[in-house]
Ligand SMILES: [Zn+2]
């Protein structure tokens, strides 16, 4: 069962989360970015489980990486329905939608806040 997220706050270097079961957690922005669940990032990580023959075609366009500082700068966060959180990064990337389940999973290995 999905545990509901009751509060989320953007911090300078990550997000703080409050859960319906009372747990509080902080996920660092770098970790959050590394775990970006969008198709593009998963492909960059070598995860092709989502591969679709129509979109998996190699493009000749070279997409240059933004600096790490931009990549891990949290610009904006917002609620997506009642199940997920959207994140926009300093480099303009905002395709990743983090479900509560995913955030909870990341929280397990994160440092708990008092
Ligand atoms: Zn992504």
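Residue numbers (my numbering): 4 to 117.
We treat Cβ as the ideally placed atom computed from N, Cα and C, and that holds for glycine.
Answer with buried or exposed for residue 75, where buried requires no fewer than 16 other C-beta atoms within 10 angstroms of its C-beta.
Residue 75 is buried by the Cβ-count criterion.
Exposed or buried, which one is residue 107 when buried takes at least 16 other CB atoms within 10 Å?
Under a 10 Å Cβ-count criterion, residue 107 is classified as buried, with 16 or more other Cβ atoms of the shown protein chains found around its own Cβ.
Inter-residue spacing [alpha-carbon to alpha-carbon] between residue 34 and residue 13
Whole-angstrom Cα-Cα distance: 14 angstroms.
Separation of residue 95 from residue 15, as counted between CA atoms:
For residue 15 and residue 95, the distance between alpha carbons rounds to 17 angstroms.
Residue 65 to residue 6, Cα distance in whole Å?
Distance between the alpha carbons of residue 65 and residue 6: 40 angstroms.
Residue 86 (DSSP reduced to helix, strand or coil):
It is coil, neither helix nor strand.
Can the beta-carbon of residue 88 be found closer than 8 angstroms to that of residue 82?
Taking 8 angstroms as the cut-off, the Cβ atoms of residue 88 and residue 82 count as close.
Check this for me: beta carbons of residue 36 and residue 92, under 8 angstroms apart or not?
Cβ distance < 8 angstroms, so residue 36 and residue 92 count as in contact.
Assigned secondary structure, residue 68 (DSSP; H/G/I helix, E/B strand, else coil):
If DSSP states are grouped into helix, strand and coil, residue 68 belongs with coil.
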